[in-house]
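Report on one structure; see the data block that follows.
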Amino acid sequence: MPALTTPSLSSRQAQVSFARLVGIVAICCSVFVALAAPAGYFWLSYSAEQREGRIAARLHAAFVTQVIAQSQGDWRTEMTGLIDADLSPRELPEQRTLTDMAGVQLSASGVPVAWPVLTSRAELIGREGKVGEVVVHRSLRPVLLRTAAVGGVGMMLGLVIFLSLRVLRRRALERTTLAVRREEAMAREQIQHSLRVVFGHAIDGIVMITDKGNVVSANPAAEKLLGVTTSQLLGRPLAMCLVPVGENDRNALSAVGQFEARAMRPDGTSLDVDVTINEAGAGTETKHIAMLRDVTERKRQEARLVRLANYDTLTGLPNRSQFMHNLRQAMGRAQRHEQAMALMFLDLDRFKVVNDSLGHHVGDKLLQRVASLLATALRQNDSLALRDCSTEVYRLGGDEFTVVLEDLGTGESAAKVATRLITMLERPLMIDGNVLYVSTSIGIALFEPGDTTDVESLVKQADMAMYRAKEVARGSMHFFSAELGAKAKARQEIEFGLRGALEAGQFSLHYQPKADLTSGRVIGVEALLRWNLPGQPTIGPDRFVPVLEEIGLIVPVGLWVLREACRQVAEWNRIGSQALSVAVNISSRQFHQPELADQIRAALQAAGLEPQLLEIELTESMLVEDSEAVLRILRGVTALGVRVAIDDFGTGHSSLSYLKRFNIDTLKIDRSFVRDTPGDSEDSAIAIAVIALGHGLNLRVVAEGVETHEQAAFLRENGCDDIQGYLLSKPMPAADLSDWLARHPRGLQLGRRLPAEPALGHS
Ligand code: C2E
Ligand code: CA
Ligand code: CA
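Numbering of the sequence shown is given in this note's numbering, commencing with residue 6 and proceeding in unit increments.
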């Protein structure tokens with residue numbers, strides 16, 4: 006926008022002061038001319054009169070003095086007529102008198118002169134000095150009259166000067182004013198030009214409206230925004246195409262203010278608009294100026310942010326934050342309306358397997374499919390026999406979904422819904438050419454009016470119930486109960502107790518011997534962790550290892566197990582004659598540490614144990630992920646010479662391909678397959694198959710949980726290499742195992758009935 010210039014202030018000021026100066030000069034000149042001319046003239050004339058009066062008096066005095074000098078008698082008597090002699094330099098009416106020293110008038114001439122009178126005196130000198138004086142009176146009236154005339158002319162002249170200077174001043178002022186006006190006009194023109202440019206090219210729409218809200222003019226941006234031409238708008242109400250939203254009504258368009266509106270365009274589209282209405286200047290038809298800004302994109306972004314904050318991007322379902330917010334409100338409503346509500350926690354049973362084996366891509370699609378199935382099923386309330394119940398499904402993350410059921414008649418309705426959902430998700434899903442069987446386990450927490458449960462606790466209850474459902478059977482449901490709460494509390498206590506247990510030296514290791522089936526000789530032991538709380542019975546790992554894993558403490562504790570087991574076995578090997586091996590259980594969390602191999606090497610070195618005497622026991626699930634990381638870790642471990650066993654074989658995963666990929670030494674048949682051998686034909690068949698599989702892959706096969714000689718005999722007949730179980734001994738503390746080993750220097754005779762061993766177990 007060009008600079009809006011006005012006449013420069015200094016030049017204007019100079020012109021004004023010049024005009025003022027001219028005014029002052031005019032006054033001074035005219036006053037000077039009007040006053041100085043008569044005054045000067047008067048002064049000159051007066052001085053001349055005075056001089057002449059004095060001369061006249063002196064001449065007469067000289068004349069009279071001469072007479073006195075010649076006179077013999079009283080000179081006074083000779084005075085008459087003397088004074089009549091015309092001795093004055095100019096002929097002017099004057100009165101002359103002659104007086105003696107006493108002031109007696111001796112002679113006089115002429116008539117008294119008119120006022121004002123100018124008196125001049127001269128001394129008379131006789132033989133004896135001053136004897137009298139001559140007094141001449143002259144009238145100043147002629148001088149005054151002439152002075153008046155001169156004054157008149159001076160005044161005229163002054164007036165002429167004053168007037169002409171005034172004209173000069175006015176001219177100067179007029180010129181200044183004219184220049185100012187011209188410059189102001191130019192500035193106005195510039196402003197108007199700038200405004201036209203702004204109006205024409207502004208990105209925001211600008212619409213001039215009357216006090217009734219009718220359009221006076223609109224700029225191109227407004228035309229574009231409203232989708233109409235100015236001619237279509239002129240004289241029409243702006244409200245015709247601009248509808249205020251929110252609390253504002255049409256009247257908002259005829260008052261100063263700011264609000265949001267929707268521009269309804271003739272082509273059926275609409276835009277979000279921010280409207281700002283301001284007063285226009287007075288004196289025109291235009292009352293208000295409306296500025297319109299298209300905020301559609303901003304609104305869209307805002308909406309997107311709201312969606313991102315409240316909705317899950319993968320499935321489009323409301324997310325955890327929305328869930329917590331809505332659940333709180335639903336619980337409030339349940340209290341107010343005195344209606345029960347239920348919270349369901351859903352967790353897919355085989356999602357991790359799908360995700361790990363088929364990739365995230367399939368996993369994501371599976372989650373989307375499940376989300377849409379759940380949403381559709383719950384929308385069709387009728388089909389769920391829940392006509393009056395309102396439902397909403399959320400995704401909390403991973404494969405966890407929640408459903409909030411409001412206005413629920415009874416818990417039975419919730420059970421009905423859960424059953425429907427379970428049945429629905431039991432059906433196979435076809436995703437990317439894969440037939441996937443994902444079932445879901447559902448935990449349900451009921452909330453009834455009067456309950457004091459808070460939001461967080463209700464969520465925890467449903468979560469607990471879901472875990473219980475998973476424990477009981479996949480694809481089942483479980484209602485939260487007080488008993489479940491107590492279990493959770495106990496779990497909490499365990500967690501609390503475990504923190505600091507390592508530092509407090511509360512962990513110890515029990516050892517269970519493992520024997521070669523053919524020779525009956527003890528070839529090694531398995532180290533099993535125990536937690537000893539003061540004044541309490543020893544706690545088995547099934548109760549606390551999962552908690553250790555969950556809270557991450559399994560890593561330091563596992564490292565301790567590794568070091569302690571290596572140290573203990575190395576010590577036995579130094580004392581005893583045979584070289585026992587030791588098996589150490591490694592948990593998934595521990596296994597995924599990149600520094601595992603380094604830790605093992607350090608433990609072996611510190612203990613002075615041969616690497617081939619250490620066997621780490623892994624579970625199948627740790628190896629199904631065909632990740633580079635697993636391969637790297639496993640390579641690091643086997644490169645040390647440490648052996649690798651697959652624990653609980655047969656329970657984990659159906660895919661056996663990992664057996665080929667990884668360098669594995671031993672298979673441990675899970676004790677669930679051993680328990681019912683040889684009686685149960687299916688279990689026996691599985692055991693035989695595992696042995697065959699192991700041998701086929703050149704692996705050593707160990708049977709776990711062998712309790713009877715029948716089992717041992719059956720396993721030996723089928724070629725199993727080693728056994729571990731109560732038949733040999735229960736796990737026991739290191740000192741007890743030393744005694745036990747001393748009592749069985751040549752091992753045991755396995756696979757036939759022996760006199761019962763005295764109970765040694767310390768499980
Ligand atoms: P696991 O590796 O399968 O260990 C064998 C479990 O079976 C032991 O239970 C042992 O006492 C039990 N057992 C042995 N022989 C028989 C038998 O003849 N009959 C029956 N019914 N049971 C028998 P434990 O010591 O309670 O250990 C349970 C599980 O805890 C272990 O199963 C292992 O998975 C885990 N665990 C033990 N110690 C550690 C450890 O240091 N680190 C890790 N990560 N896990 C451990
Ligand atoms: Ca084990
Ligand atoms: Ca096992």
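Every residue gets a Cβ at the ideal spot worked out from N, C-alpha and C, and that includes glycine.
Computed from a predicted model, the values in this text were never measured in an experiment.
Using 10 angstroms around the beta-carbon of residue i, count the other beta-carbons present and answer buried if the total reaches 16, otherwise exposed.
i	result
Phe-654	buried
Gln-716	buried
Leu-322	buried
Lys-673	buried
Trp-48	exposed
Leu-538	exposed
Arg-341	exposed
Leu-759	Because Leu-759 sits at a pLDDT of 44, beneath the cut-off of 50, its placement in the model cannot be relied upon, and the following sentence gives the value as read from the coordinates. So Leu-759 ends up on the exposed side.
Asp-404	buried
Ser-689	buried
Gln-754	exposed
Val-37	Note that residue 37 is Phe in the sequence shown here, rather than Val. Looking at its Cβ environment, which holds fewer than 16 other Cβ atoms inside 10 Å, Phe-37 is exposed.
Met-161	exposed
Gly-756	buried
His-366	exposed
Examine ligand 2 and report whether any of its heavy atoms sits within less than 7 Å of the Cβ of residue i.
i	result
Glu-531	yes
Asn-590	yes
Glu-622	yes
Asp-354	no
Asp-547	no
Asp-652	yes
Considering only heavy atoms of ligand 3, does any lie closer than 7 Å to the CB of residue i?
i	result
Asp-670	no
Asp-675	yes
Glu-405	no
Hey, residue i and residue j: beta-carbon distance below 8 Å or not?
i	j	result
Ala-66	Ala-127	yes
Ala-493	Met-482	no
Val-248	Arg-270	no
His-142	Val-116	no
Ile-449	Ala-470	yes
Val-155	Ala-42	yes
Ala-119	Gln-100	no
Leu-489	Val-552	no
Ala-419	Leu-430	no
Ala-345	Leu-413	yes
Ile-32	Phe-204	no
Val-212	Arg-241	no
Val-562	Phe-512	yes
Phe-567	Ile-605	For the sequence presented, residue 567 should be read as Leu rather than Phe. It is a contact, given that the beta carbons lie within the stated cut-off.
Report the rounded CA-to-CA distance for residue i versus residue j, giving the unit in angstroms.
i	j	result
Ser-22	Ile-60	55 Å
Ala-570	Asn-668	23 Å
Leu-601	Ser-486	41 Å
Ser-505	Ile-499	Per the sequence presented here, residue 505 reads as Gly, with Ser not at that position. Each residue's alpha carbon lies about 11 Å from the other.
Glu-83	Val-72	8 Å
Ala-692	Cys-725	9 Å
Ile-621	Ala-650	6 Å
Ala-380	Thr-415	22 Å
Gly-163	Thr-104	48 Å
Asp-547	Gly-710	15 Å
Ser-768	Leu-534	Model confidence at Ser-768 stands at a pLDDT of 37, short of 50, so the residue's coordinates are unreliable; what they give is reported in the following sentence. So the two alpha carbons sit approximately 10 Å from each other.
Pro-433	Val-443	7 Å
Val-148	Ser-52	11 Å
Pro-518	Phe-596	24 Å
Asp-317	Asn-324	5 Å
Ala-495	Arg-309	44 Å
Thr-656	Lys-735	22 Å
Gln-18	Gln-237	51 Å
Ligand 1 and residue i: does the residue's C-beta get closer than 7 Å to at least one heavy atom of that ligand?
i	result
Gly-730	yes
Ile-559	yes
Leu-413	no
Gln-517	yes
Leu-534	yes
State the CB to CB distance for the pair residue i and residue j, rounded to an integer number of angstroms; the pair is presumed to be in contact (CB under 8 Å).
i	j	result
Leu-276	Leu-258	Actually they are not in contact, since the Cβ atoms of Leu-276 and Leu-258 sit about 16 Å apart, beyond 8 Å.
Thr-70	Leu-129	6 Å
Leu-609	Pro-616	6 Å
Verify the CB distance criterion: does residue i have a CB-CB separation below 8 Å to chain B?
i	result
Arg-341	In the displayed structure, chain B is absent; only one protein chain is listed.
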